[in-house]
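Following: one structure in structure tokens, then a few remarks.
2 protein chains.
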Amino acid sequence: MSRPPSHDPKRTLTLRDVSEASGVSEMTVSRVLRNRGDVSVGTRERVLEAARSLGYVPNKIAGALASQRVNLVGVVIPSLSNMVFPEVLSGISETLDDTGLQPVVGVTNYSPEREEAVIYEMLSWRPSGMIVAGLEHTEASRAMLAQAGIPIVEIMDIDGAAVDSAVGISHNRAGRQMAEAIIAAGYRRIAFLGTMMPHDHRARKRLQGFEEALARAGLELADREFYSGGSALLKGREMTEAVLKRSPDIDFLYYSNDMIGAGGLLYCLAQGIDVPGRVGLAGFNGVELLDGLPRRLATMDACRLEIGRKAAAIIAGKHDGVIGGEVIELFPTLEPGDTIRKG
Amino acid sequence: MSRPPSHDPKRTLTLRDVSEASGVSEMTVSRVLRNRGDVSVGTRERVLEAARSLGYVPNKIAGALASQRVNLVGVVIPSLSNMVFPEVLSGISETLDDTGLQPVVGVTNYSPEREEAVIYEMLSWRPSGMIVAGLEHTEASRAMLAQAGIPIVEIMDIDGAAVDSAVGISHNRAGRQMAEAIIAAGYRRIAFLGTMMPHDHRARKRLQGFEEALARAGLELADREFYSGGSALLKGREMTEAVLKRSPDIDFLYYSNDMIGAGGLLYCLAQGIDVPGRVGLAGFNGVELLDGLPRRLATMDACRLEIGRKAAAIIAGKHDGVIGGEVIELFPTLEPGDTIRKG
DNA sequence: CGGGCGGCTGTTAGCGGTAACAATAGCGGA
DNA sequence: TCCGCTATTGTTACCGCTAACAGCCGCCCG
Numbered sequence: 000m001s002r003p004p005s006h007d008p009k010r011t012l013t014l015r016d017v018s019e020a021s022g023v024s025e026m027t028v029s030r031v032l033r034n035r036g037d038v039s040v041g042t043r044e045r046v047l048e049a050a051r052s053l054g055y056v057p058n059k060i061a062g063a064l065a066s067q068r069v070n071l072v073g074v075v076i077p078s079l080s081n082m083v084f085p086e087v088l089s090g091i092s093e094t095l096d097d098t099g100l101q102p103v104v105g106v107t108n109y110s111p112e113r114e115e116a117v118i119y120e121m122l123s124w125r126p127s128g129m130i131v132a133g134l135e136h137t138e139a140s141r142a143m144l145a146q147a148g149i150p151i152v153e154i155m156d157i158d159g160a161a162v163d164s165a166v167g168i169s170h171n172r173a174g175r176q177m178a179e180a181i182i183a184a185g186y187r188r189i190a191f192l193g194t195m196m197p198h199d200h201r202a203r204k205r206l207q208g209f210e211e212a213l214a215r216a217g218l219e220l221a222d223r224e225f226y227s228g229g230s231a232l233l234k235g236r237e238m239t240e241a242v243l244k245r246s247p248d249i250d251f252l253y254y255s256n257d258m259i260g261a262g263g264l265l266y267c268l269a270q271g272i273d274v275p276g277r278v279g280l281a282g283f284n285g286v287e288l289l290d291g292l293p294r295r296l297a298t299m300d301a302c303r304l305e306i307g308r309k310a311a312a313i314i315a316g317k318h319d320g321v322i323g324g325e326v327i328e329l330f331p332t333l334e335p336g337d338t339i340r341k342g
Numbered sequence: 000m001s002r003p004p005s006h007d008p009k010r011t012l013t014l015r016d017v018s019e020a021s022g023v024s025e026m027t028v029s030r031v032l033r034n035r036g037d038v039s040v041g042t043r044e045r046v047l048e049a050a051r052s053l054g055y056v057p058n059k060i061a062g063a064l065a066s067q068r069v070n071l072v073g074v075v076i077p078s079l080s081n082m083v084f085p086e087v088l089s090g091i092s093e094t095l096d097d098t099g100l101q102p103v104v105g106v107t108n109y110s111p112e113r114e115e116a117v118i119y120e121m122l123s124w125r126p127s128g129m130i131v132a133g134l135e136h137t138e139a140s141r142a143m144l145a146q147a148g149i150p151i152v153e154i155m156d157i158d159g160a161a162v163d164s165a166v167g168i169s170h171n172r173a174g175r176q177m178a179e180a181i182i183a184a185g186y187r188r189i190a191f192l193g194t195m196m197p198h199d200h201r202a203r204k205r206l207q208g209f210e211e212a213l214a215r216a217g218l219e220l221a222d223r224e225f226y227s228g229g230s231a232l233l234k235g236r237e238m239t240e241a242v243l244k245r246s247p248d249i250d251f252l253y254y255s256n257d258m259i260g261a262g263g264l265l266y267c268l269a270q271g272i273d274v275p276g277r278v279g280l281a282g283f284n285g286v287e288l289l290d291g292l293p294r295r296l297a298t299m300d301a302c303r304l305e306i307g308r309k310a311a312a313i314i315a316g317k318h319d320g321v322i323g324g325e326v327i328e329l330f331p332t333l334e335p336g337d338t339i340r341k342g
């Protein structure tokens, strides 16, 4: 009795199927498909033809197990709806594209426990490297990353201790710089409007740096307002209204991100409030969206694309090199736009 | 000579390390860690303790190869910067969270070749299912998906033939509906403003349905404008200005997405143009952003979250059941907002 | 004319788990 | 006391592929 026809549509194909179809050993097929080692032109073509006509798709699981090599890079970020992270991702994939490495994204929703779970899950696939947003992680997360024996890059933030490498900006300094610019422009009654997220450490550090700079000038926040959930643009509008009604003497509103800042700007314009004369405004991130607004909101570019690129480059570079932590600090530029009084 | 100390920080741990540390067989450790099969309480605790203290992270590659089961679901989408897809993703992960399945995202940038590569790459990891945006794929892509022997769900669109299952809306019908509403409101000189993307089939189908409905009413597009790249909000602004200058008699602007529609709305308001009296506006998608605008743009909800949920549910449900294609059509609701004249 | 070498292909032995089945122990009932 | 059954744990055989090495052949060179 002969073997069942190899065209059985049920069973998924293996190297053996291709090897039988092309009359060479599995090893040779493997070599052809990976383009590794010497194979004669004739054999190569016969194998490729067989693979193509069968519709063979290699099994990377088996391949990875045998070769102890996985072309995956884990990327752990808090959110996809923030616009900031998709842009970091662009930088990452752009750079990884040339290297044969591939990013795999995990989202934590700003939850440390979820982050721990995501990291565990990713490490269990034995990736070639990991890119993780932020420096704050659970004890277990740091331990896992440190033990993994692969390059780890923590991104976005450099105010703290990294497990291995880090690429980012100092949010503390960014907050400070913005405060200094605001004070220099003559504003004195300054309010902060932000998200209510205990785990958004970067926003926290910006606020901290901001308040430090205020203190150094003998000032303190005149008011503050937080929100969570909902449309950021709308929340920016609402919070702005609330703050201005509550504290009519406020002369500057510092937002923790551009989206709510844009909402505030639209509100002020609609109310006929003189910006930046009566009230000044500033956000953070430099999102593309701002370009379409009636007036350019003051902001600070967070170097997102560049952070993604540099992080990916570190992983790609270390591919089989030594593991040595390097910290790359980028410097955001303050874009004063039209919502801060000139000198 | 004794074995080197098992605390060697270089080598990554295996089941054997845990088994030796806890004095039971590898099989028992495997059972404990997967919570499968009967293990005595004492043994279980001993094993868990050993695993924890060693910092053992299972190797899913080996596990998947041995068990022929992979808890991954491939998700292939054209872009992350569109806001639409992150939302679909939310629906997917939300539903998958309960099932032990995990989404893995791949981005194609609206390129069919890139999509083919991404699908190939994903299938080579033998996922439990695939969710792919759109119905248009290369011949090879469709063949691979069909051959894979796993549930395939094509999302967003149902105007066409699916490989297996599909969940989405009819973009053709959506365009038609919007046109009918616009005509019913009395607008006659209608322009279209959209993206220049030959591979955005859904936008194309909307426009097609839109024009069909116009034709049925004896009308045709009075003008059209396309853009590519850049800030959508800004482009919406610029395109609107261009169209209104070129064709001053235009009385309605139909945008292919809400972002450029919002730009157009801001432009009109800034110019003091009477909306919806002199000019009516409509977009597509129902993005959250719109809530924060000074006036509510007419739009059509694309059921993004629901599409994600339903698609994930199909994959999860079929986990080990029969593979049978089902097509789920969702019906977007037209939200007239404040930018279409009332009856 | 023989050894050596390079080009090509095959063989063997896992990679680190898990399915399936075997083995062992402890216990109650006949 | 012996048997059978259940609860628990161990053994064996791969999963599909690749590293490492072995084998074969023809040709060049001394």
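If you're matching them up, the sequences are chains D and V in order. Those letters in the first sequence? Residues 0 to 342, by numbering that gives the first Met the number 0. Those letters in the second sequence? Residues 0 to 342, by numbering that gives the first Met the number 0. C-beta: ideal position from N, C-alpha, C; glycine also. From a predicted model like this one, the values you see are computed outputs, not experimental measurements.
Name the DSSP bridge partner or partners of residue i?
i: L333/V; result: M299/V
i: F251/D; result: I189/D and G279/D
i: P102/V; result: V72/V
i: I327/D; result: V166/D
Thinking C-beta only, is residue j closer than 8 Å to residue i?
i: L95/D; j: A315/D; result: yes
i: L120/D; j: S140/D; result: Looking at the sequence itself, residue 120/D is Glu, so the reference to Leu does not match. Not a contact, by the Cβ cut-off of 8 Å.
i: D16/D; j: L53/D; result: yes
i: R340/V; j: A184/V; result: yes
i: S246/D; j: A190/D; result: yes
i: V72/V; j: P102/V; result: yes
i: I168/D; j: I130/D; result: no
i: G208/V; j: A173/V; result: yes
i: H198/D; j: D156/D; result: no
i: G133/D; j: R236/V; result: no
i: G105/D; j: V87/D; result: no
How would you write the range of the alpha helix (DSSP H) that residue i sits in, first residue to last?
i: F84/V; result: V83 to L95
i: G62/D; result: K59 to S66
i: D257/D; result: D257 to A269
i: Y119/D; result: P111 to L122
i: R33/D; result: E25 to R33
i: S52/V; result: V40 to L53
i: G235/D; result: A231 to R245
For the beta strand (DSSP E) containing residue i, list its first residue and its last residue.
i: T194/V; result: I189 to T194
i: R223/D; result: D222 to Y226
My output table needs one value for residue i: the three-state DSSP class, helix, strand or coil.
i: R15/V; result: helix
i: A281/D; result: strand
i: Q146/D; result: helix
i: I339/D; result: coil
i: V274/V; result: coil
i: I154/D; result: strand
i: R10/D; result: coil
i: P3/D; result: A caution first: P3/D carries a pLDDT of 39, below 50, which makes its placement in the model unreliable, though a value can still be read off. If DSSP states are grouped into helix, strand and coil, P3/D belongs with coil.
i: V131/D; result: strand
i: N171/D; result: helix
i: H198/V; result: coil
i: L304/D; result: helix
i: G208/V; result: helix
Quick one: list the residues of chain D neighbouring residue i, beta-carbon separation under 9 Å, in chain order.
i: V83/V; result: The premise fails here: V83/V is roughly 11 Å from chain D at the closest Cβ pair, so nothing lies under 9 Å.
i: G271/V; result: Those within 9 Å of G271/V in chain D number zero; the least Cβ separation is about 13 Å.
i: G262/V; result: G291
Anything in chain V within Cβ reach of residue i, meaning under 7 Å, just list it in chain order.
i: T11/D; result: G148
i: R125/D; result: N58 and I60
i: S230/D; result: E287, L288, D290 and G291
i: V103/D; result: V103
i: L233/D; result: D290 and G291
i: L296/D; result: Within 7 Å Cβ-Cβ: nothing; L296/D doesn't reach chain V, min ~12 Å.
List, in order along the chain, the chain D residues whose C-beta lies closer than 7 Å to that of residue i?
i: A61/V; result: L64
i: Y119/V; result: V56
i: S80/V; result: P85
Taking Cβ-Cβ distances shorter than 8 Å, what residues in chain D pair up with residue i?
i: R236/V; result: G291
Anything in chain V within Cβ reach of residue i, meaning under 9 Å, just list it in chain order.
i: M143/D; result: G54 and V56
I want to verify the contact list: residues of chain V whose CB lies under 8 Å from the CB of residue i, in sequence order.
i: L122/D; result: V56
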